[in-house]
């Protein structure tokens, strides 16, 4: 169960980072 939470957190961080990169590229 704990492993699943760690995976979800990691995926969320990747999505947030990707969104920030996309915003930078769109400038």
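In this note's numbering, the protein residues as written are 1262 to 1288.
All residues carry an ideal CB built from backbone N, CA and C; glycine is no exception.
Since this is a predicted model, take the numbers as computed values, not measurements.
Since residue 1288 is in the alpha helix (DSSP H), which residue starts that stretch and which ends it? Per DSSP, residue 1288 belongs to no alpha helix (DSSP H) and is neither H nor E.
Apart from the five residues just before and just after residue 1271, which ones in its own chain have a Cβ nearer than 6 angstroms to its Cβ? none
By DSSP, does residue 1262 sit in helix, in strand, or in coil? coil
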